[in-house]
Structure formats: C-alpha cells, structure tokens
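Chains as they are written, first to last, in our numbering: chain A, 1 to 297; chain B, 1 to 535; chain C, 1 to 339.
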Amino acid sequence: MKKLRLYYEEHNKGPLKLLWKHFAPQHFAFFGLVLLIILLSLAVLTPFLTPHDPYLQNSQLLLVPPSWQDSGLVSYPLGTDDLGRDLMSRLMLGASYTFGLAILAVLGSLLVGLVLGALSGMSKGVKSSIFNHLLDLALTIPSLLLAIVIVAVLGPGLLNTIWAIMLALLPQFIHGVRNAIAQQLKQDYVTAYRLDGANQRQLLFSVILPNTWEQLVLMGTMALSTAVLDIAALGFLGIGAQSPTAEWGAMIADSLDSIYLAPWTVALPGLLIFVTVLAVNLVGDGLRVAMKKRREN
Amino acid sequence: MNIYQRLTFVCLTALLTHACQPDRNNPGGTGLVYCVEGSPESFNPQLVTSGTTIDAISQHLYDRLLDINAQTGELLPALASSWQISSDGLSYRFQLRENVAFHHTDYFKPSRPLNAEDVVFTFNRILLPEHPFHQTATEYPYFDSMEWRQLVAEVKAISAYEVEFRLNKPDSSFLSTLATDFAAVLSAEYGAKLQAENKLPDLDHLPVGTGPFLFRHYQKDVLIRYYRHPQHWRQGSNLQQLVIDIVPDSTKRVAKLLTHECDVAPIPRLAELQLLSKRQDFVVDVQTSMNVGYWAFNTQKPPLNNVKVRQALALAVNKQNILQAVYFGQAEQADSLLPPNSWAYQKPQLTQSYDPQKARALLAEAGFAKGFSLDIWAMPVQRLYNPNALKMAELMQADLARIGVKARIVSYEWNTFRRKLTQAEHDSVLIGWSADNADPDNFLRPLLSCAAAVSGSNRANWCDEHFDALLQQAVNTADLNERRSFYLQAQQYQAQQMPLMPIAHSKRFQVRSSNISGVAINPYGGVNFAMAGKH
Amino acid sequence: MILHYLFRRLFLLAFVFVALTVFAFSLSYLFPGDVLSNFTGLRNISPADEVMLTRQLGLDQNYLQQYLLFVQRLLQGDWALSFSSQQNVLTEMLLVMPATLELAAYALFLSLLVGIPLGIVAAVRKDKWLDKLISSLALIGFSVPIFWWALLLIMVFSLSLGWLPTSGRLGVLYEIPTVTGFMLPDILLSEQSYRQQAFIDAIRHMLLPSVVLATYPTTVMIRFTRDSMLDVLEQNYIKTARAKGLTRLQVLYTHGLRNALLPVTRQVGLQFSTLITLAMITEVIFSWPGIGRWLIDSIYQRNFPAIQGGVLLVSSLVILVNMLTEIMHTLFNPLARKF
Numbered sequence: 001m002k003k004l005r006l007y008y009e010e011h012n013k014g015p016l017k018l019l020w021k022h023f024a025p026q027h028f029a030f031f032g033l034v035l036l037i038i039l040l041s042l043a044v045l046t047p048f049l050t051p052h053d054p055y056l057q058n059s060q061l062l063l064v065p066p067s068w069q070d071s072g073l074v075s076y077p078l079g080t081d082d083l084g085r086d087l088m089s090r091l092m093l094g095a096s097y098t099f100g101l102a103i104l105a106v107l108g109s110l111l112v113g114l115v116l117g118a119l120s121g122m123s124k125g126v127k128s129s130i131f132n133h134l135l136d137l138a139l140t141i142p143s144l145l146l147a148i149v150i151v152a153v154l155g156p157g158l159l160n161t162i163w164a165i166m167l168a169l170l171p172q173f174i175h176g177v178r179n180a181i182a183q184q185l186k187q188d189y190v191t192a193y194r195l196d197g198a199n200q201r202q203l204l205f206s207v208i209l210p211n212t213w214e215q216l217v218l219m220g221t222m223a224l225s226t227a228v229l230d231i232a233a234l235g236f237l238g239i240g241a242q243s244p245t246a247e248w249g250a251m252i253a254d255s256l257d258s259i260y261l262a263p264w265t266v267a268l269p270g271l272l273i274f275v276t277v278l279a280v281n282l283v284g285d286g287l288r289v290a291m292k293k294r295r296e297n
Numbered sequence: 001m002n003i004y005q006r007l008t009f010v011c012l013t014a015l016l017t018h019a020c021q022p023d024r025n026n027p028g029g030t031g032l033v034y035c036v037e038g039s040p041e042s043f044n045p046q047l048v049t050s051g052t053t054i055d056a057i058s059q060h061l062y063d064r065l066l067d068i069n070a071q072t073g074e075l076l077p078a079l080a081s082s083w084q085i086s087s088d089g090l091s092y093r094f095q096l097r098e099n100v101a102f103h104h105t106d107y108f109k110p111s112r113p114l115n116a117e118d119v120v121f122t123f124n125r126i127l128l129p130e131h132p133f134h135q136t137a138t139e140y141p142y143f144d145s146m147e148w149r150q151l152v153a154e155v156k157a158i159s160a161y162e163v164e165f166r167l168n169k170p171d172s173s174f175l176s177t178l179a180t181d182f183a184a185v186l187s188a189e190y191g192a193k194l195q196a197e198n199k200l201p202d203l204d205h206l207p208v209g210t211g212p213f214l215f216r217h218y219q220k221d222v223l224i225r226y227y228r229h230p231q232h233w234r235q236g237s238n239l240q241q242l243v244i245d246i247v248p249d250s251t252k253r254v255a256k257l258l259t260h261e262c263d264v265a266p267i268p269r270l271a272e273l274q275l276l277s278k279r280q281d282f283v284v285d286v287q288t289s290m291n292v293g294y295w296a297f298n299t300q301k302p303p304l305n306n307v308k309v310r311q312a313l314a315l316a317v318n319k320q321n322i323l324q325a326v327y328f329g330q331a332e333q334a335d336s337l338l339p340p341n342s343w344a345y346q347k348p349q350l351t352q353s354y355d356p357q358k359a360r361a362l363l364a365e366a367g368f369a370k371g372f373s374l375d376i377w378a379m380p381v382q383r384l385y386n387p388n389a390l391k392m393a394e395l396m397q398a399d400l401a402r403i404g405v406k407a408r409i410v411s412y413e414w415n416t417f418r419r420k421l422t423q424a425e426h427d428s429v430l431i432g433w434s435a436d437n438a439d440p441d442n443f444l445r446p447l448l449s450c451a452a453a454v455s456g457s458n459r460a461n462w463c464d465e466h467f468d469a470l471l472q473q474a475v476n477t478a479d480l481n482e483r484r485s486f487y488l489q490a491q492q493y494q495a496q497q498m499p500l501m502p503i504a505h506s507k508r509f510q511v512r513s514s515n516i517s518g519v520a521i522n523p524y525g526g527v528n529f530a531m532a533g534k535h
Numbered sequence: 001m002i003l004h005y006l007f008r009r010l011f012l013l014a015f016v017f018v019a020l021t022v023f024a025f026s027l028s029y030l031f032p033g034d035v036l037s038n039f040t041g042l043r044n045i046s047p048a049d050e051v052m053l054t055r056q057l058g059l060d061q062n063y064l065q066q067y068l069l070f071v072q073r074l075l076q077g078d079w080a081l082s083f084s085s086q087q088n089v090l091t092e093m094l095l096v097m098p099a100t101l102e103l104a105a106y107a108l109f110l111s112l113l114v115g116i117p118l119g120i121v122a123a124v125r126k127d128k129w130l131d132k133l134i135s136s137l138a139l140i141g142f143s144v145p146i147f148w149w150a151l152l153l154i155m156v157f158s159l160s161l162g163w164l165p166t167s168g169r170l171g172v173l174y175e176i177p178t179v180t181g182f183m184l185p186d187i188l189l190s191e192q193s194y195r196q197q198a199f200i201d202a203i204r205h206m207l208l209p210s211v212v213l214a215t216y217p218t219t220v221m222i223r224f225t226r227d228s229m230l231d232v233l234e235q236n237y238i239k240t241a242r243a244k245g246l247t248r249l250q251v252l253y254t255h256g257l258r259n260a261l262l263p264v265t266r267q268v269g270l271q272f273s274t275l276i277t278l279a280m281i282t283e284v285i286f287s288w289p290g291i292g293r294w295l296i297d298s299i300y301q302r303n304f305p306a307i308q309g310g311v312l313l314v315s316s317l318v319i320l321v322n323m324l325t326e327i328m329h330t331l332f333n334p335l336a337r338k339f
C-alpha cells in the first residue's frame, strides 16, 4: 500500500548520500577508494593470506626473480629477497605495518587532536592565546625533526616511530579542529541553538561536531598520506622499523644492497608506498571536490 | 657580468650535450680517486690496527725499512738497503738508503734527508715511556700485541746511516714485523719541531713521512687529499693528486665506480663482481688474502665461559649458508684461524660441521636444554673479511633459533661499536682480521693471546696459558718444521676450546677503471699507488 | 599601527624562542646517559672535572638557574661538544649549514619557476585536458616517496645513462677553498685554473638533488597557485574588467596574477619547513654534506649534544623564516592586515 501523502514534501537526500552522489562519478577518486579498501583488508587479513612465512629464510632460493621472468618460480610470484624470503608475503605484511600503523597513528592523533582542539576552540582569553602560539610553534617544526628527537630519546624502533608521528600530526589536527569550530561558532544556527538555551557542552556535541566531521575526515586523509610517507621514510633511514621487520621503507633500505642484481626488491616496496599514498590522496581530493560541489548546489 | 654569462652559456651547452662530459678527473694535472669504506682513525700507522686506516694512509705517506714481495712473501730492501742478523739472533743491523727526502708541506719544511736518528726516534716512541711522544698515544696496539716492549731491548744509531736493534730473545717473526705497514718511519726533525712548539698531538694528525704522496687536506668522513711527493726516492707515479674518497656505503661505492666518480675501489661487496667484470671499462683484480672473518664469544661472560656452550653455538651455525648468502661463494669456509695459503695451515682434525642435533645435546649437557638468549654484535661497516655482518647475523639468528637460543642483533655506529667492544660489553661479536704479514703468529697472537686480551684486539677476551705457551715456543725457534708443529697444536687447541668460530677466508677484490694501471694490492693488506698511472 | 604589529610579532618570537630553548634544555635530561655529558659533550669525565663542571653549569642549583646558564652559554656561542668529533656543535653546524641552504634555495627556486606557471596554466584551462594533465602530474609528484624517487632518478640518469654523478657537491679532484660555504660562489671566487670545469661539475652534481628536493614543493605550488588563481578568477572585479573590454591576457596579468600570487608568497615560508625535512632524506641519499645528513649521522652515533644543537638551530631557522615571510606578506597585502 502506498503511503498517503497529505501535503507536499520536498524530497531531501541526506548529506552523506549527496556527498556520495558527487564522489562516485569521479573515476580516479573511486578507483582510489577501491584501492584503499583492498589495502585496508590486506592490512587486517595479511596473517591469514600470505603464501609463505614472511620471515622464513631459504638459502636455496636467494634473489629469485619475479615469476614473469624466465628464471622466476610460480610459487614465488614476486621473487625472493637476498635472504631467500618470499617478497610477496613480505610486501603483504608490509601493508599492515606501513599502512595499518599509519591509520592507527592518524586515528589516535585525531582523537587527541579533537579533544584538545575542542577545548581550545571553545575557550577564549590569555590561556587560549598562549596555547595557540605554542601550537603555531609546533606546527612549524619539521615533522621529521620531531621524530628524530623522539627516536633519540626513546631509541629507534617501529613503535617509537608511531609515537613520533602521532605527536608530529597532533598540532595540525588541533589547529584544524579549532578552526573548524571557530567557523561553526559564527553560523546562525549555532546562535539560534544558543538562544534556545543550550550550554557549551550541548552545543559542541549536538551541533558543532556533527557539522565538522567531514572536515575531520578530509584532514584525516591528508594526515594519512603524511603518516605513510613518514613511517616509510624513517624506516628507510634506519631509525624507524628495524630489519627484519617487513615495513616497506625498511625493506627498501635492506634491499639497497641488491639494487643492481635484483632491482625489483627495491622497486616493488616503493611502488606500493607510492600507490598507497596516491590512493589516499585521490580519495582526499575526490572528497574535497564532492564537498565543494555539494555546497554549490 | 660577462664572465657569468659566458659561464652560464658553457654550462647549459655542457648540460644539454651530455657527451661533453667535462674532464673532471683531470683538473690541472692527473689525479686518481680511491674510494674506501671508512675514515682513518689516525694518520700514524703505529697507533692503529684497522685495515681501513692502513689502506688509507700507510703506503701513501710512509716507507718502511723493509718491504714484502706480494707474490712470494720474501723480504725486500726499502729504506734499509741491506741488513745483517747476528748468529745468536739477538742483533739486527740495517744500512739505510741515503738521500731519502721527507715531505715538504705547509706545516713542516725538512732541512735534511732521512738518517739513523729518524729510525731511532720512530721505534723508541713505541718502546720508551720517557720518549717525548710516547704518552701522546694510549697504546700501540699492533706492537703491544706482539709484545714488542718485552722483545726489543734497544734501538740505537751506529752511524748516520746504520741502525741496530738488540733483542732480548730470538724472534723469528721480527723482520716480518718491520715490513708491516705499522712499522712506518717518521721524521725526528718534525718531532723536535712539534716539541718546541708544544704541539705534540700533531705528529699523528698532520703526518710527515717519506712515502710517495704527501698530506694536503683531510675532512672527516668526506675525503683525504694527497699530493705527489716530488722528491720520492723511488721513480714512481705520474699522478699529481691522490684523493681518498670516503664512501662507507658499498652500494654507493659501486654506483660511484659505475659513474666513474671513483677510479679504484676495494669492494668487499661480492654481489656485483660479475656485473662489473663483464664490462669493458672495468678490471677486477683478485688477490688471495690473509684474512679471517669470525664469530668471537666473550669468554668472560656466562654462559659463554662454558666450553660446551661455545661448541654448541659453533655447531648450530650453517656456514655454507653464510658463504652463499653473504660472500656469494667468493670465500672459503674457514676451519681454522689460519687461511689455507699460510705455510702453517693444516686442516684441524676437529673440524666443525653443521650439526644442530649435536649442538642441542651439548647445550643440554651444559645445563641449557631450554636454551638462553644471546646478543650477537654485528659490525655496522663492510670489511673484506665480512662484507655484511648484519645479514650474517640475521642468518645466524634463524639458525640459533633452531637450538632454542634466542639471538638479539646489536649494532652501533662504528666508533661507538668499537668503544663498547673494547669495554667488553658484548656477548658475542661478528668481526674479523686481516693479516699484516705472512707470519702465522700475526693471526694467533693478536687475536687470542693474553696480551691481546689486554690491548683489546682479542675480542673473545680469552686468556689461556697453554695456548700462550704454544705461541711462545713457536717464535722461540727458527726451525720451520718445529714452528709448524707448534702452530698446528695451537690451531687444534683453539678448535677444541672454541673461543671464537672462524667463518670464512675471503679473497681480496679490487675494481678499477681500465684506464688505471700500476695499482698494487698485496695479501697482507695495504694498497700502493706509487706506480699507478692514468691513461 | 605597523609598529604595534611588529612589536607583537617580536614579542611572539621571543616567547617562541624561550619555549624552544626550554625544550632543548630539557632534552639534556630526557636523553639517555649522563646529564653532565649531555650538557657538555665530554665523555669519560674525571671526578675532579665533574665537580668543577657541575659547579660551572650550575647543576647543583635549581632548574631555573641551570636553564639561565644554559641560555647564557647558547648566546655566547659556547655550545656543547659533539660526542664524535669533540668540536663545538655550533661551529660544526655552521660549516654544514650552507650546503643545505644552497640546496634548498635551488630547489625552492626550481619549484617556483615550474610550479607557478603550471598552476596558472592549469587554472586558466580549468577542466581542459591540459589542466587534467598538470593536476594529475601534481598529484603523482605529491604522492611519490621522495627516497624512492631519488633512487629511480639515480638508476636512470647516473647508472644507466651515465649522465650525472651520484653524490657530493663537486668532483673530489677539484680543490676549491671554502670562503662562503656556498659552492657556486666559492668556485667563482677561487683562482684555480680549472674554475670553469669545476663550475660545470658543481652544476652537474646539483641537478639531481635539486630536482628531487623540488618535486614535492613544486606540486604544492601548482595546486596552491591553481586554487588561488581560480578563486581570484571568480571574483567580481575580474568579471567587471572583462566586461570593460580588457582581453583575457590583460585581465590575467594586471588583475589576476597579482592577487593570486599574494597568498603564494605566504606559501613560500610554509614550504621552508617541508624543504628542510625533505632535504634530510635527499642529503642522505646523495651524500650531500649538509645539516640533514649531519643530523641523521648524529642519530646513528647517539650523538646527543649534536641532536640537541641541531634541533635548536634548525627549528629556530624555520621559525624565523616563517615569521619573516608572514610579516612580509602582511606588509604587502592590505587584506591580511588585521593589526
């Protein structure tokens, strides 16, 4: 039975649906999203998927080329590294280190950034001013330099790198959240809600945050590409993940030794980092375009 | 402004037409770039033992009383034109070459050629605590490990061009020691000048010698620049400049060879040898070498003070694997410290082969059935005897896991690494030794004697009276057969006690651009550019 | 008004430096190892020296006193010694700094030279294939891991084609005395007969690292210029100008460019921090003897005084450059003036 309509009802799609409507037709962005989903499932499911043990050395099979070359083996589709470990398994595991940990770092940092940003955005006065200036200071210090300091204090290692990256990302999140909130506070509906008698807390949770989450996601994707690049760069420099950890950057550094004999051991991890970051950026760009279009309509 | 415009124009054309590669290896004369793996620790070979330092300084800056023939191991006259040994073997007399000029540099202008005074000055620095320069160095590691101060009673000038060494006891390896790269001859006149100016440490930083090249400039971790020594006593090289380019990373070293930024490079990296030897523009020189890469156990630390544990660990490691993955088949498996081309080598009866079963049994006997955890220190640098210690450690880590030993790989930056090693903070370490002369004593004494445990080159910190006695008996006799039998006993005792596990004897490789000739490498370390030329 | 603004900036700068020095000071306590060693850079301090140094550094007094003495030493140039070389950290850094600045300057120059025109073209040709091509290239450049990119370029241009050298600032056989620390001026100032060849050689050495380092900032410039230009082109005064009969080019040049490039100047300052970060990686790969490689080496060596000094100097520099561009931007751009 058809529902009875008593009066004319404007058919409004939800904002999320609208966003998707503008996002999906962008082929590149859509492609990026698909890639991201694949990478994400890889990061989570890797332990059950790898064809070989990523850390198992096999001295009989050193530097086997990928299977599309004449001397390659079918059971090692991407060949082996200089200790006879299966490259494909290592690359798959790398997804959970380089990409998976980057996501965790961004989420953690975003959460803390949200709290601090909200505190700073909702407050006024000298305290807030000092806090903001400190933030500006932190924003200008290069993230790698900050990571170096943290690694120097805590010692090299993947976990310490993650702390360093979280800390390095934090200022931009606080900054972003603060700006987003400041923007919201100017809106008329916020004033209206205030006039209704809402207190600061209610204002924050029922009006401001729901209206800023898209911006947060956008910030998150930008930070994610930074985080992936930073984890890999620190691994490459030998102050992040240590060998034999199958982190992509560390894998490149490890394989540099065999770059002449087995260029694929350097090329493939780099390609994966590139593809990951590209996918993240494609999605980020697509989101931004979609949001802009939605606003314009 | 005109000159800048012209320069820009020239640059652009040069950049666009890449064929116009500027003759960058030939600025203002002929020059040669030798790419080495590390910075020298000092500019005085008396103070060091590292092969890297010796390669970078010794043969270029200094001459020795005697030289060694690289092929036969026979001693040749150098600064000493002739020598006599007394019948009791206690006195050695050397007649010096005349008109040997010292380097003329910015910081020192010599007024006289080499004479007996310089030789006395040089060796007394090592021997006499009251020598003005003796205290500026904390140790003379090579001479200390050879127990030179107990051995040499006196060095004195007989005449302006004759020197006598008096020994306390006969020593058949004495002449070989004088021919090593460590026994470089310094200038007494320069010493006097530094003393007068109260700049004693400069003796080891701003070198003055008689060698084919003179010191110009040093920038740590970047380069050493030498100029040709125009008055060198040997007719030699037509090179005006020798630059030692310090490139610690072997991948970069190969890259620089390929782009001809390096003319000559010693490459302990064996992976690319095939690649390079196929190319027309490179020549790979191969030389059998006297070296050994080994895994030393700190025998002072439990549980490594237990012989059975050490034997078990040695049995658990698959050396064949290491030879394949680390040395790319370009090395021989080591069963003894002495390489097979040493005259005292004999395959020990107790050869260790890979046997994890037996290893586990031995561990159980020693009371470690459940295994234990162990640090493996892997040196962060590439050396002839061990081209990639970190990779080796990773391989061993997997091997040891099979007998329940949990290995942790430890590495520090090289200077820190050595400092901590000297303080014996390690459990076990992957390191090695390149011999300085053909004498077997040069392996066993510096690596395993009690004296070396004090001076620091004995990384196992192993001090065993029986072993030391064997070494002493061996040098006390001049009879080769008798010496050989003592060394054989020593090798067997070492194989049984296992203070260290020999892993491999590597060949020595050097790659040079094919337009370079006359570069001599020898089995006892050191590289000589005195005769080198560029076409 | 302007004076008031400058005064406020100056006050902020002072505040920021206090915060930075407090941070650097606390590092000596946070780093592993002996505090006295971390402060002085001396190793194996004898008991007698220890007493003397403790008094000298005020380590027996409260933290405030210690901090004040620390700042005093910083201002006098009496920085800690490097663990590895036992030389004053500041002296060492001033020696390697010019190499980094030189590299960063070339890269920045390159990124402006390439990035701004491409950004303008992309904006003018919005949604045409040229815009799509430029934007895609920018996105690719934005995503590529710099160390991998550097390795690829070395593989192609140095190892396969043999056109360009792989490391250093100048062929080692050229002996150029250091005057300014900047390679090209030094070569022009030198009196060697091979000056001209050396100059060409230096440029060949510079090419790959500059391109690698410029990649990321260039893409940022392209994207930023494009966005900024599009914003401006949508403004009413542009439409008015067009309506008044000016040609596209005239409008673009007299009204569009000036307004669009103002925010770009601000971006130059912000890029400096990124440049320094990326320079560290670039320097390691190309063995460029700058502060980045020096800092990374210090980490390998656990050289704490060097890390402390490096962080202090580099951060100060970045903050100073940022502040300066912000002030310049404010002075030139009436819209940004909110005194």
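Yeah, the Cβ is synthetic: ideal placement off N, Cα and C, and Gly gets one too.
Residue of the options minimising C-alpha distance to residue i
i      : options                       : result
C/P185 : C/F286, C/A99, C/L112, C/T225 : C/A99
B/V119 : B/L186, B/H134, B/S58         : B/L186
B/S172 : B/N476, B/A184, B/F509        : B/N476
B/S373 : B/L313, B/F94, B/L323         : B/L313
C/G119 : C/V211, C/A105, C/L139        : C/L139
A/L35  : A/A180, A/A250, A/N281        : A/N281
CB of residue i within 7 Å of CB of residue j, strictly
i      : j      : result
C/S136 : C/A122 : no
C/M229 : C/A202 : no
A/F274 : C/F147 : no
B/L337 : B/V292 : yes
B/W377 : B/V326 : no
Where residue i falls: helix, strand or coil (DSSP)
i      : result
A/T245 : coil
B/P22  : In this prediction, B/P22 has a pLDDT of 41, which is less than 50 and means its spatial position is unreliable; what the coordinates show is noted afterwards. Reduced to three states, the DSSP call for B/P22 is coil.
B/G28  : The predicted position of B/G28 is uncertain, since its pLDDT is 42 and thus under 50; a value taken from the coordinates is nonetheless stated next. B/G28: coil per DSSP, three-state reduction.
A/G286 : helix
B/W433 : strand
B/E37  : coil
C/L118 : helix
A/A298 : With chain A covering only 1 through 297, there is no way to say anything about residue 298 of chain A.
A/W163 : helix
Residue i: first and last residue of the uninterrupted alpha helix (DSSP H) it sits in
i      : result
A/Y189 : 188–195
First through last residue of the beta strand (DSSP E) which encompasses residue i
i      : result
B/M501 : 500–506
B/R216 : 213–219
- [ ] Would you check if the segment 314–331 of chain B and the segment 468–479 of chain B touch, i.e. whether three or more CB-CB distances between them fall below 8 Å?
- [x] The count of Cβ pairs closer than 8 Å, one atom from the segment 468–479 of chain B and one from the segment 314–331 of chain B, stays below three, leaving the stretches out of contact.
Open item on the list: Does the structure place the segment 449–469 of chain B close enough to the segment 488–504 of chain B that three or more beta carbon pairs sit under 8 Å?
Closed with: For the pair of segments examined, the segment 488–504 of chain B was found to touch the segment 449–469 of chain B: the number of CB pairs separated by less than 8 Å reaches three.
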